[in-house]
Amino acid sequence: MDFEYHCWRCWETNVIWGKKVASFWHDKYRLPPDFECWNCGAINDLTDD
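Using my numbering, the first residue of the sequence shown is number 23, and each one after it goes up by one.
Here's what the structure looks like:
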């Protein structure tokens, strides 16, 4: 499944693919811990603080 995130530097929309993981009651997806913006090259953090 695709998820959309905005870059912290240039606010461009980035589409991140989430891998489906096993879940009994509902769908869950695993995202990478970070991604590189396709527009400006900034590293964006997806981890929870």
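The beta-carbon is built from N, C-alpha and C at its ideal position, and this holds for glycine as well. Quick caveat: nothing in here was measured; it's all calculated off a predicted structure.
DSSP three-state call for residue i: helix, strand or coil?
| i | result |
| --- | --- |
| H28 | strand |
| E34 | coil |
| F57 | strand |
| D49 | coil |
| D70 | coil |
Where does residue i land, buried or exposed, given buried means 16+ other C-beta within 10 angstroms?
| i | result |
| --- | --- |
| C29 | buried |
| C62 | exposed |
At a cut-off of 6 Å, would you count residue i as near the ligand NAP, judging by its Cβ distance to the nearest heavy atom?
| i | result |
| --- | --- |
| W30 | Only the bare structure without any ligand can be found here, which leaves the ligand NAP out of the picture. |
Just checking my contact of residue i with residue j at CB under 8 Å: how many whole Å lie between their CB atoms?
| i | j | result |
| --- | --- | --- |
| R52 | G40 | 6 Å |
| E26 | V37 | 6 Å |
Cβ atoms of residue j and residue i: under 7 Å apart, would you say?
| i | j | result |
| --- | --- | --- |
| D70 | D56 | no |
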